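There are 2 protein chains.
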Amino acid sequence: MSVGSGHIPNETIDRLFSYLRPLMCVLNRGSVTVSSRELAEICTVNPSVVRKDFSYIGSLGTRGVGYNVRELIESIRRALKFDNDIRIAVVGVGNIGRALLEHPRFGFEGFKIVAAFDSSPEKVGQTVGQVTVEDAADLEKRLQSEAVQLVIVAVPEICAPDVARRVGDAGVNSVLSFTPCGLAMPDNVNVTSVDLSLEMARLVYHSCSQEGLRIGDGAA
Amino acid sequence: MSVGSGHIPNETIDRLFSYLRPLMCVLNRGSVTVSSRELAEICTVNPSVVRKDFSYIGSLGTRGVGYNVRELIESIRRALKFDNDIRIAVVGVGNIGRALLEHPRFGFEGFKIVAAFDSSPEKVGQTVGQVTVEDAADLEKRLQSEAVQLVIVAVPEICAPDVARRVGDAGVNSVLSFTPCGLAMPDNVNVTSVDLSLEMARLVYHSCSQEGLRIGDGAA
DNA sequence: TAGTGATTGTGTTCACATTCACAAGCTACA
DNA sequence: TGTAGCTTGTGAATGTGAACACAATCACTA
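In structure tokens form, the structure reads like this:
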């Protein structure tokens, strides 16, 4: 019962994703290995959770030493089927859309923005970041020809349902939306909404009820 | 063991927050009551989860009818100590900061942006949304005089650690950051990072491994 | 080569959360 | 008033993940 046999718990999957970026940081700092204790501290989880998580994708560490950072990143990405760049399109080049397009890091993290759309004539033709803004009229056709896997919907709330429908029709089944109210989408389309209000409310709640988080592992 | 006695499970707390916005939508649609089945459908959870969650904050529904939407929202907000507006400051008036400041909905959701800061002289003095951008030099002093409870850090990555430190020094203990790499903060400060890469990676993973989500409650 | 200190890997235990199933209670209507 | 149809509220069962504790293993040093 080791190495990728059996099934990986859902929570572990979620955490595996969240390890990736800290590991990148550790790698950039020049560390060759990282211990479960270190990584746990960065991610604010229990070290034994880290070890168990990694045990689900195979025994990757060396006792007494830790985990080889580079190998670890590789293994996680393999386990999460996150090998090739994910092809992304941004719909809506307002403040948020622009921020995304100008964000330089996506390239390093396995994402590639391949197209941007807007319906406003003065924006169409502009070059923002690495792409040139296209007319939203061509949305469906272009999503298909660019083999887009994920669409970021950053349009005004009123337009969102229409855009979402068209994206669904084009066969894209991952949508990241900045419109918090639920978009009615077919079952085969996964939608994640970025809801800052929600995060902020939770944050303040937890700050108020400051429950002491204990982390330790054995000798704490 | 009813009505606010005992303790509320963590997962329930999280969900209570996530019910708020859908309930607002239902309210705006003109519905007076909502059933656990309806709300569960919107939130993609099991109806019995909804009922149990609400049972932790008291018996709020009427059998055969459902829950009074307005009362429900009130009760949830009370339970989450989310009665008064949360006072927010935005640091960094770039694309993201501007998007936040111009976002009209916060006011309706219990948030009030009371200040914005930037270090660039040409931005200081501009009015964006409801506030006038102030010089970041006065940050600590102004955070205190405005009794800011939560700071949104939307500055370039390189400046983030410094801003975070100053925010911490000013006594604010909730920070929402758009800088994904962990900010080193004292223990009494809660930081939530908005990490789009993380969300996108999860989204694509779940779209690929399309596991059929079942929801039903008894008769499905 | 033996000893020391550190760290992983994991079986077991425990705590927590979800689901189920059904009684209790409401509305509507004849 | 009585009946039918919903919907809530909740005890009990089930499922799942987290924490723990410790054996196994490695590097390093004398």
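As you go down the protein sequences, you meet chains A and B in turn.
Letter by letter, the first sequence follows residues -13 to 206 in our numbering.
Letter by letter, the second sequence follows residues -13 to 206 in our numbering.
Virtual Cβ for every residue (Gly too), placed ideally from N, Cα, C.
If you're wondering where the values come from, they're calculated on a predicted model, not measured in any experiment.
| Check | Outcome |
| --- | --- |
| Chain A contact for Ser4 of chain B (CB, 9 Å cutoff) | yes |
| Identity of the residue in B:Ala75, B:Glu60, B:Ser183 nearest Asp69 of chain B by Cα | B:Glu60 |
| Where Ile62 of chain A falls, given that 16 or more other Cβ within 10 Å makes a residue buried | buried |
| Assigned exposure category for Ser45 of chain B - 16 Cβ within 10 Å defines buried | exposed |
| Within 9 Å, strictly: CB atoms of Leu125 of chain A and Phe103 of chain A | yes |
| Residues that Gly52 of chain B bridges to, as DSSP identifies them | B:Thr48 |
| Cβ neighbour criterion (16 or more within 10 Å) applied to Gln130 of chain B | exposed |
| Whole-angstrom distance between Arg128 of chain A and His89 of chain A, CA atom to CA atom | 22 Å |
| For Glu27 of chain A, three-class secondary structure by DSSP | helix |
| Backbone secondary structure at Leu66 of chain B - three-state DSSP | coil |
| Reduced DSSP secondary structure (H/G/I, E/B, other) of Arg73 of chain B | strand |
| Where Asp39 of chain A sits in the DSSP three-state scheme | helix |
| Spatial neighbours of Phe3 of chain B in its chain, beta-carbon cut-off 7 Å, leaving aside the 5 residues before and after | Leu66 |
| Contained beta strand (DSSP E) runs [length at least 3] in the region 151 to 188 of chain A, N- to C-terminal order | 160 to 163, 176 to 179 |
| Contacts of Ala187 of chain B in chain A (Cβ-Cβ under 9 Å) | Phe3, Leu6, Leu66, Phe68, Ile72, Glu95, Gly96, Phe97 |
| Reduced DSSP secondary structure (H/G/I, E/B, other) of Ala102 of chain B | strand |
| Which of helix, strand or coil DSSP assigns to Gly(-10) of chain B | Here the model assigns Gly(-10) of chain B a pLDDT of 42, short of 50, so the residue's position is not dependable and the matter cannot be decided. |
| C-beta contact flag for Val55 of chain A and Ser17 of chain A at 9 Å | yes |
| Residues that Glu120 of chain A bridges to, as DSSP identifies them | A:Phe103 |
| Proximity of Leu182 of chain B and Leu162 of chain B at Cβ, strictly below 9 Å | no |
| Rounded distance between the beta-carbons of Asp0 of chain A and Arg188 of chain B, thought under 8 Å | 7 Å |
| Option in A:Gly80, A:Tyr53, A:Phe164 with minimal Cα separation from Val214 of chain A | Residue coverage of chain A in this structure runs from -13 to 206, which leaves residue 214 of chain A outside it and unanswerable. |
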